[in-house]
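Asker: The structure is given below, and queries will be raised subsequently.
Number of protein chains: 8
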Amino acid sequence: MWQVYLSGEIHTDWRDQIISGADQRGLPVTFSSAVTDHEASDAAGDSLGKEASPFWRDHKSAKVNAIRTKTLIEQCDLAIIRFGDKYKQWNAAFDAGYCAALGTPYITLHDADIVHPLKEVDGSAMAWAQTPEQVVELLGYLTLQQ
Amino acid sequence: MWQVYLSGEIHTDWRDQIISGADQRGLPVTFSSAVTDHEASDAAGDSLGKEASPFWRDHKSAKVNAIRTKTLIEQCDLAIIRFGDKYKQWNAAFDAGYCAALGTPYITLHDADIVHPLKEVDGSAMAWAQTPEQVVELLGYLTLQQ
Amino acid sequence: MWQVYLSGEIHTDWRDQIISGADQRGLPVTFSSAVTDHEASDAAGDSLGKEASPFWRDHKSAKVNAIRTKTLIEQCDLAIIRFGDKYKQWNAAFDAGYCAALGTPYITLHDADIVHPLKEVDGSAMAWAQTPEQVVELLGYLTLQQ
Amino acid sequence: MWQVYLSGEIHTDWRDQIISGADQRGLPVTFSSAVTDHEASDAAGDSLGKEASPFWRDHKSAKVNAIRTKTLIEQCDLAIIRFGDKYKQWNAAFDAGYCAALGTPYITLHDADIVHPLKEVDGSAMAWAQTPEQVVELLGYLTLQQ
Amino acid sequence: MWQVYLSGEIHTDWRDQIISGADQRGLPVTFSSAVTDHEASDAAGDSLGKEASPFWRDHKSAKVNAIRTKTLIEQCDLAIIRFGDKYKQWNAAFDAGYCAALGTPYITLHDADIVHPLKEVDGSAMAWAQTPEQVVELLGYLTLQQ
Amino acid sequence: MWQVYLSGEIHTDWRDQIISGADQRGLPVTFSSAVTDHEASDAAGDSLGKEASPFWRDHKSAKVNAIRTKTLIEQCDLAIIRFGDKYKQWNAAFDAGYCAALGTPYITLHDADIVHPLKEVDGSAMAWAQTPEQVVELLGYLTLQQ
Amino acid sequence: MWQVYLSGEIHTDWRDQIISGADQRGLPVTFSSAVTDHEASDAAGDSLGKEASPFWRDHKSAKVNAIRTKTLIEQCDLAIIRFGDKYKQWNAAFDAGYCAALGTPYITLHDADIVHPLKEVDGSAMAWAQTPEQVVELLGYLTLQQ
Amino acid sequence: MWQVYLSGEIHTDWRDQIISGADQRGLPVTFSSAVTDHEASDAAGDSLGKEASPFWRDHKSAKVNAIRTKTLIEQCDLAIIRFGDKYKQWNAAFDAGYCAALGTPYITLHDADIVHPLKEVDGSAMAWAQTPEQVVELLGYLTLQQ
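Residue numbers (the working numbering), protein chains in the order written: chain A, -19 to 126; chain B, -19 to 126; chain C, -19 to 126; chain D, -19 to 126; chain E, -19 to 126; chain F, -19 to 126; chain G, -19 to 126; chain H, -19 to 126.
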C-alpha cells in the first residue's frame, strides 16, 4: 500500500480526479492532504483564542496546520504537488522543498506555461505531469504487481 | 563565524545592504547565495550542450544550480529568505521548505502586504523582518560575544 | 491513526479529559504516557535492588522510566505537554526539548500566568492551549477525514 | 579543541568561574552560551516591531534566541546545564532534553536539595557536579593530552 | 515478515526461482522489485509526453522508475543483487551502492568468473551466492523461528 | 506491542525464563534473537561453499548471522544483554555498543562478580538486572496499561 | 573550498585534466580519489597476509580500499563519476548509488554511446558531462565568488 | 588529515608503536584514545564525590569516561581496536559495535588464537591486522597522496 500526499491548489477538483481514478483502477494507494476547506484552514488556530493582529492569527493557524501537513508528508511515500493558475501558492513550493530535503520523491502537476518559474521545483521532482489522468497512469505503473 | 545563506529575490540590492551592514559592524558572519546573475543562472547548463526543448534547458540549468544551492544551504547555520513584490519566487519558498525539513533556522524578509500568502513559510520561520537593517540588527544580536 | 503522547502534570485529570473527549468524538487517536502513579514511578527501579543513597535510587528509577518514555515519545506523532501550577515539572520541559530536537510537534497546555517562564518551551511548540477541551478540538481538526 | 555550551541560570557567576578556571589551566576548550543579559534576551525580538500582547512579545524573542541557542547546542561537544535555587528554569531542562535527543553528552550542575525533582534530567546526564570547580576538574580530565 | 528486494538481471528466471523456493518452504518473506518488463520499463515516462531526444526519454523513464525502486529499497530489510553474464548492469551495481550507504544488508548472486570486477560490490555485501537455491537456503536460515 | 531483542549467552535457559515469564503475565511483548543453536550458527555460511581457512569460515558465517542480528536489533525497542560466567562473549558487548550508538535502550543481565569489567557496558545501559525474574518484572512495569 | 571526489576509470588521464584545469583557473576546489595505481589497489590487503583464494584476496583488498573511498566520498561536496569505454566499471556505478543514497550530488562523465545502459545512473545525477573541460567549466560556475 | 581512534588494551605499548611508526613516515594522521592510565580511568568520577558502592563508583567513572570516548569515536574517520591476551576487554568489543552502528570503519588488531571468539567483531571490521607494523602500513596506504 502506497501513501500519497496531495499538496497544493485547493480551488479545482484535481484531488478528486486522482482519488477516483485510482479507486476505479483498484490501485493499492491511500491519499492524504492538508485540510482543504479554505475557511477552516485559515481559522485553524481560532479555537485557541482570537488574535487582534492578522499576522499572529495567520501564524497560529499556519502552525496548527503544519502539525498535520508535516506529519502526513513525513509519512508519505510520494507527493503530488499541484500548481494552478491563480494565487501565489508558496505553500506548494514550500512542500516541494520539504520533500526534497527529506529525500521523499514528488511529482509536479501543472500546465506548460509556468515551466520557467517552476524550474527549481521541477528540477528536484521525479516527474512533471500535466493532467490528473497522467498522475493516475503513473500510480498504476508504480504500484504494478508482477 | 556564522554561515548565512541569502535566498530569493535577485532584482533589488537587499543582499548588498545586509553584507555591507554586517561588514560595517564587523560581525563574524560569512554570506553565500545562488549565482545571482539572472542570465548566467538560466544558462547554467548550456555548457553541457544546447537543448531544443525549453523544459529541458531549464531542467538542466536548474539541476546545475541545485548542486550549488543545496550544498550551500546544507552548510549554512541560518538562511535569510527574501520575497519581493514581483514574480512567482517559488524557488525562495522551495528553499524555505528545504531549510524547514533540515531543521536549519531561517528568517523571512518581506513587506507586510504579502503576510497572508506567506503564512506557511512564515509559520516555520524563526523571525520575520521587513528591512535589511533589521536583519543586520538580528545578526549582531545572534553573534554577540560576551 | 495518530499516536499522541501526554507528558507532564500527574496531579489533575487533564489526561482523562482529553482521552474521554477524543473517545466521545470517535477520533482516530491513541494515547500513551509515562507511568502516572507517582509512587510506582519513584519506585520503578526498586525491583532491581534497594539503594542506600537517595540520588542513586532516583537515578535508577529515572532510567527505568526513561526506557518507557523515550520509546513512546519517539513513536508518537504529536505530544501534549502539560504544566500545572505546582512543583518544578522539569521533566515536562525536558520532554519538550526532546521533542523539539527530534522534530516531533508538540502542543503546550498551561494557564496564562506562566507564559513568561515558559517562553522558550512555547517558542518551539506548534500551539499553546489553555484547556483540555481546546486540545480535543485541535485533535479533531488535525485528524479530519475529508 | 572542545566546544562546551553553558546552559541555565544567569543570576550567579558560575559561567565566569568555569571559564576562568579552564583558562588558568590552559584547557583546550571554548565556551558558548545564550545571550545572558536578561533584559536584552527578553527584548531580542523587539527590533522587528513592538507587540501589544505579552505572549507574542515573548514568543518573538524566544524564537530569535532559539536561532542562537539551537545552533550553538548543535555545534557543542558537551553541555553544562546549571540549575540554581530560584525561578522555574524550564529553559535549562528544555536544553537538557534537546541534548539528550541529539545524543550530545551533558553534565548537570546543581545543589543536592533539588536532586529529586531533577531525577529525569540527571538520569540522562553523564555526570552531576555540585560546584564549578568540579566541572573544571572534569574538563581537565576529559581533555587530557597523553 | 522480512521484506526482500530483488535487484538486477531481468533476462533469466532467478526471481521466480527464489520466490517459488521461499514459497515452497513457507518462509515469512515478501518480495519486491523494479518493473521487470524491459519494454514497459524503458517506456515508463512516455505517458507524460514523447521526447525527441533519446537521452531525455531515458532520463524521464529512469526517474519514474526510481520513484518505485528507491521506495522499495528503502523499505526492504535485505536486497539480493543479481549480476548475469550479459549487458552492463550498472543499475544493479548502483542499487548495491545505494544499499551500502543506507546500511541495508545485501547479498550478491553471480557466477565465479566475475568475482574480480565485482570485488567492490562483493566487498560491501554480507554474502555472495552462486545459485538461487543458496539464496533460498539463506533466507530459511535468516528467518528461522526458534 | 514491544519488540525485545535477547542478546548474549546461549548456554543457559535465561531466554526461556524471560519468554515464559512474560507469557504467563500476558505482557504485550514479542521477542527475537540470533540463531541460538551454536553449531548451526557457526555453520551459517557453509551452504555458500566450504572454506579451507578457519578465519574465512568464521567470517562468512559471522556476516550471514549479522544480516539477522543487525536487522532484529534495529527493529527492537529494547534489548536485554546477557553475560554468563564462561567464554569471551565479545558479541554480547558488541551488541551493547551497537544499541548504544543507535540510541536503543538496553538492560544488562549478569552477576555481581563481573561488575567491574562490564562497567562501560553497564554505564550505557538503562538498567542492570541479576535475574530473569527481574527482567520480567521490568517488562511488566514498562508495558503497563493505565 | 569545495571537496570534489573523482570516481571511476583509471586508464585515461581525465583526473589530471580536471585537476590541472581547475588549477589553471585558480578554483577553490580540492580533489580526492581512490588509490588509482591498479596493481597497488589490487594488492591493498596483501600486507595483512597472503590469501590462497582469489575471492578472499580481492575481498580483503576491496575492504581496505573501501576505508579510503567511503571516507572520502562521505567528506566530499560533489563527486565526478567517470565511465570509460572498457571494463565493467561496476565500482563507479556503486559509488554513484552510494552518493545518491547519501544525498551527495554527482556529475557523470561519459560518451554519448553509453547513455542507455547508464540511464539509472544518469537519472540520479545532477548533470552529464562528455569532456573534462565541461567539468572544469561547471566547477568554475559552481564556485563563482560574487 | 585523518583522525584515528585507538581503542582497547592498555597494558602493552601498541599505541606508541603505531603513533611513532606513523610519525616516522610523516603520515597525515592524528590519534586519539580514552585516558589510558588505568587508575586515573577507574577514578574518573571520584572528584564528584566518593561512592560507598563499588557498582556506582564504576558507573560514575564509566559515564565520565564515556563523554570522552563517545566524542572522540564520533569524530574519528577510522578506529583501530586492539584485543590483547588478558582480561575481558568488553569495552573494546563495545567500541567496535558502536563504530559498526555509526558506519565508522574499524580495523581489529589481535593474534590468530582469538579469531573464533572475535568472529562477530571481525565480521564487521574492514580489516584484521596482527601487528602494529601492519596497521602503520595500512595507514600509509590509506592516506597516500597521488
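From the three backbone atoms N, C-alpha and C, an ideal C-beta is built for every residue, glycine too.
From the beta carbon of G25 of chain E, is the nearest beta carbon of chain A less than 8 angstroms away?
Answerer: Yes, because at least one Cβ of chain A sits closer than 8 angstroms to the Cβ of G25 of chain E.
Asker: What residues are listed by DSSP as bridge partners for Q(-17) of chain B?
Answerer: Looking at the DSSP assignment, Q(-17) of chain B forms a beta bridge with B:T10.
Asker: Hey, how far is the Cα of D57 of chain H from the Cα of C56 of chain G?
Answerer: Cα to Cα, D57 of chain H sits roughly 14 angstroms from C56 of chain G.
Asker: Flag T10 of chain F as yes if its beta-carbon sits less than 8 angstroms from any beta-carbon of chain E, otherwise no.
Answerer: Output row for T10 of chain F: interface = no.
Asker: Which bits of chain G does M(-19) of chain H rub up against, with CB to CB less than 9 angstroms?
Answerer: Residues of chain G passing the Cβ test: none, with the nearest at roughly 11 angstroms.
Asker: Just to check my reading of the structure: H62 of chain A and G(-12) of chain A have Cβ atoms closer than 8 angstroms, yes? What is that Cβ distance to the nearest angstrom?
Answerer: This sequence places Arg at residue 62 of chain A; His is not what is there. Correct: roughly 4 angstroms between the Cβ atoms.
Asker: Under the three-state reduction of DSSP, which class applies to R48 of chain G: helix, strand or coil?
Answerer: Three-state DSSP puts R48 of chain G in a helix.
Asker: How would you label R5 of chain A, buried or exposed, when you count the other beta carbons within 10 angstroms and need 16 or more for buried?
Answerer: Label assigned to R5 of chain A: exposed.
Asker: Whose C-alpha, out of D:G64, D:A76, D:G77, is nearest the C-alpha of D(-7) of chain D?
Answerer: It is D:G64.
Asker: If I measure Cβ to Cβ from S13 of chain H and keep anything under 6 angstroms in the same chain, skipping five residues before and after, which residues do I get?
Answerer: Taken in chain order, the residues that qualify are L(-14).
Asker: Answer yes or no: does any C-beta atom of chain C fall closer than 8 angstroms to that of Y(-15) of chain F?
Answerer: No, Y(-15) of chain F does not count as interfacial toward chain C.
Asker: In chain F, what lies closer than 8 angstroms to D57 of chain E by C-beta?
Answerer: Here the neighbours are T51.
Asker: Using the C-alpha atoms, what's the distance from E19 of chain H back to I(-10) of chain H?
Answerer: One C-alpha to the other measures close to 11 angstroms.
Asker: Within 8 angstroms (strictly less), CB to CB, does I(-10) of chain C reach chain F?
Answerer: Chain F, which has no Cβ nearer than 8 angstroms to the Cβ of I(-10) of chain C, makes this no.
Asker: How many angstroms separate the CA atom of S48 of chain D from the CA atom of D3 of chain G?
Answerer: Reading the sequence as shown, one finds Arg at residue 48 of chain D and not Ser. Taking the straight line joining both Cα atoms gives about 38 angstroms.
Asker: Can you list, in chain order, the residues of its chain whose CB lies under 6 angstroms from that of R37 of chain D, leaving out five sequence neighbours each side?
Answerer: Counting only Cβ-Cβ distances below 6 angstroms, and skipping sequence neighbours, we find E31.
Asker: So if DSSP puts A59 of chain A in a beta bridge, which residue, or which two residues, is it bridged to?
Answerer: Partner(s): A:Y(-15), A:Y86.
Asker: If you reduce the DSSP assignment to three classes, tell me which class A109 of chain C lands in.
Answerer: Three-state result, A109 of chain C: strand.
Asker: Taking the alpha-carbon of Y78 of chain E as reference, which of G:V101, G:G29, G:Q(-17), G:T16 has the nearest alpha-carbon?
Answerer: Per the Cα distances, G:V101.
Asker: Do you know offhand how far D103 of chain D's Cα is from L28 of chain C's?
Answerer: Residue 103 of chain D is actually Gly in this sequence, not Asp. Approximately 16 angstroms between the Cα atoms of the pair.
Asker: Can you name, in chain order, every residue of its own chain whose Cβ lies under 6 angstroms from the Cβ of L119 of chain C, other than the five neighbours on each side?
Answerer: Hits under 6 angstroms: A2, L7, V9.
Asker: Along chain H, which residues have their Cβ under 8 angstroms away from the Cβ of A32 of chain C?
Answerer: Result: A32, S33.
Asker: Starting from the beta carbon of L89 of chain G, find every residue of chain E whose beta carbon is closer than 9 angstroms, and list them in chain order.
Answerer: Simply none; closest approach about 14 angstroms.
Asker: Starting from the beta carbon of H18 of chain B, find every residue of chain A whose beta carbon is closer than 7 angstroms, and list them in chain order.
Answerer: Within 7 angstroms Cβ-Cβ: nothing; H18 of chain B doesn't reach chain A, min ~12 angstroms.
Asker: Can you tell me whether S21 of chain A is buried or exposed, with buried defined as 16 or more other CB within 10 angstroms of its CB?
Answerer: Its Cβ being crowded by 16 or more others within 10 Å, S21 of chain A is buried.
Asker: With 16 as the cutoff for other CB atoms within 10 Å, does P34 of chain A come out buried or exposed?
Answerer: With fewer than 16 Cβ atoms within 10 Å of its Cβ, P34 of chain A is classed as exposed.
Asker: Determine whether the Cβ of P112 of chain H lies closer than 8 angstroms to any Cβ atom of chain J.
Answerer: The displayed structure is made up of protein chains A, B, C, D, E, F, G and H, and chain J is not among them.
Asker: Just checking: is the beta-carbon of W(-6) of chain H within a distance shorter than 8 angstroms of some beta-carbon in chain C?
Answerer: So, not an interface residue.
Asker: Have a look at G:M(-19), G:D17, G:A23, G:I53 and flag the residue whose alpha-carbon is nearest the alpha-carbon of Q125 of chain H.
Answerer: Out of G:M(-19), G:D17, G:A23, G:I53, G:D17 has the C-alpha closest to the C-alpha of Q125 of chain H.
Asker: Tell me whether D(-4) of chain G is buried or exposed, calling it buried when 16 or more other Cβ atoms sit within 10 Å of its Cβ.
Answerer: D(-4) of chain G is exposed by the Cβ-count criterion.
Asker: Excluding the 5 residues flanking G25 of chain A on each side, which residues of the same chain have their C-beta closer than 6 angstroms to its C-beta?
Answerer: These residues qualify, in order along the chain: K40, S41, V44.
Asker: Roughly how many whole angstroms lie between the Cα atoms of V15 of chain C and P85 of chain D?
Answerer: So the two alpha carbons sit approximately 26 angstroms from each other.
Asker: Which residues mark the beginning and the end of the alpha helix (DSSP H) in which S138 of chain C is found?
Answerer: Since the first residue of chain C shown is -19 and the last is 126, residue 138 of chain C is not available in this structure.
Asker: If we call anything under 8 angstroms between Cβ atoms a contact, is V115 of chain G one with I(-2) of chain G?
Answerer: Yes, Cβ-Cβ distance for V115 of chain G and I(-2) of chain G is below 8 angstroms.
Asker: Select from A:L52, A:A81, A:A23 the residue whose C-alpha is nearest the C-alpha of K50 of chain B.
Answerer: The shortest C-alpha separation from K50 of chain B is found at A:A81.
Asker: Which term fits M(-19) of chain A, buried or exposed, when burial requires 16 or more other beta carbons within 10 angstroms of its beta carbon?
Answerer: The residue is exposed, with fewer than 16 neighbouring Cβ atoms inside 10 Å.
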